[in-house]
Every structure is written in C-alpha cells, then in structure tokens.
Amino acid sequence: MEVVLSDQQYFSLAEANELIPWLKDKLEEIYTLAFNVTPDSGSRILKRGLTSEIHTNGTSKSVDHLSGLQKDKEKVEKEIEGILVDIKEKGIILRNIENGLSDFPSVKEGEDIFYCWTAEETQIQYWHYRYEGYSGRKPI
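For the sequence shown, the numbering used here begins at 75 and goes up steadily by one.
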C-alpha cells in the first residue's frame, strides 16, 4: 500500500523524537483498553463474572451480562478509535498497534522518507525510503 504524502506534515528527527513519549502513552492507553475487552487476553471485563454465569445456559442473568459486555466492548472500541485519530492528527502513521510500529514522514536529500520507530525502542533509531517499508530500515 503506497502512502501519499501530499498535505502531510514532515518531521525533523528531533520533532519526531519529542513525540515518542506522547506516542508511548497513547499506545499504553490502547493496550490497557484492549486488554479489558479481549477474551484471549484474560480480560478484566470477562473475569468479573462471565465464566461463573455461563453455566446458566440462557437465563436472563447471563444474557443481560453478555449484553453489558457488548456495550463495554463498543465503548472501549470508540475510545481506541479516538486515540488512533489523535495519533493520525499528529501526522504519525501507526502501522502496527501490537508492536507500535510507526512512521514519521520526513525528507532526506530531497526524497520522502520515514523515520521508523517501534515501541521497544527508546527513541527513533532507523529511517527508510517511502517505498521500502520496514525491511528497508537503515540506522540513523
């Protein structure tokens, strides 16, 4: 998928690195919210009683509980969408929520590039040309 950079904000390396703490906080918010609604993660929402009520096999208590879980999930999804919009509005391109892979548009010697960062890194250490992607990452 090609990213079109017209009307896109460009970052200096310093500007992009200044946003890393903010971006880490936003990703942490997403991870926390997602943990609360993802059954595969043993979420707190599910732990608060679904497993103990599931054996009731269709009683109104379990149906009401499942309905409440669905509403919680929808609320959290909207919160996550809001955070993703905040990230996008800063000009950051979030490629992968799980590892935080993010690109910061920039220019190097007249060519469009991305400063590339993942959540395990303390600051931006790599860049790549727009057409290269993650596999083309080069040390700064």
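All C-beta atoms in this analysis are idealised placements derived from N, C-alpha and C, irrespective of residue type, glycine included.
All of these numbers come straight from a predicted model, not from anything done at the bench.
For H129, I'd like the list of residues in its chain whose CB is within less than 8 Å of its CB, leaving aside the five on either flank, ordered along the chain. Its pLDDT being 45, under 50, H129 is placed unreliably by the model, and the measurement read from it follows with that caveat. Hits under 8 Å: none found.
What do you reckon, are the CB atoms on I187 and Y200 nearer than 8 Å? No; because the gap between Cβ atoms is not below 8 Å, this pair is not in contact.
Does Q152 come out as helix, strand or coil in the three-state DSSP assignment? For the record, residue 152 in the displayed sequence is Lys; it is not Gln. DSSP places K152 within a helical segment (H, G or I) once states are collapsed to three.
Is the Cβ-Cβ distance between G174 and T196 less than 8 Å? Taking 8 Å as the Cβ cut-off, G174 and T196 do not qualify as a contacting pair.
Can you give the Cα-Cα distance for Y208 and E194, rounded to whole angstroms? One Cα belongs to Y208, the other to E194, and the distance between them is close to 15 Å.
For E103, which residues in the same chain have their Cβ closer than 7 Å to its Cβ, ignoring the five residues on either side in sequence? Spatial neighbours of E103 in its own chain (CB-CB distance under 7 Å, excluding positions within 5 residues in sequence) are listed in chain order as I157.
Do I198 and Y225 have their beta-carbon atoms positioned less than 8 Å apart in this structure? One cannot answer for residue 225 here, as it falls past the ends of the chain, which runs 75 to 214.
Candidates I166, S86, N110: which alpha carbon is nearest K98's? When each option's Cα is compared against that of K98, the closest is I166.
Do V150 and N110 have their CB atoms nearer than 8 Å? For the pair V150 and N110, the CB atoms are nearer than the 8 Å cut-off.
What does the alpha-carbon distance come out to for the pair P179 and E172? In a straight line, the C-alpha of P179 is about 21 Å away from that of E172.
Same chain, Cβ closer than 6 Å to Y203, neighbours up to 5 away in sequence not counted: Only I187 meet the Cβ criterion.
Between which two residues does the beta strand (DSSP E) holding E185 run? Start and end: 185-191.
Going straight from the alpha carbon of E148 to that of Y105, what length do you get? E148 and Y105 have their C-alpha atoms some 16 Å from each other.
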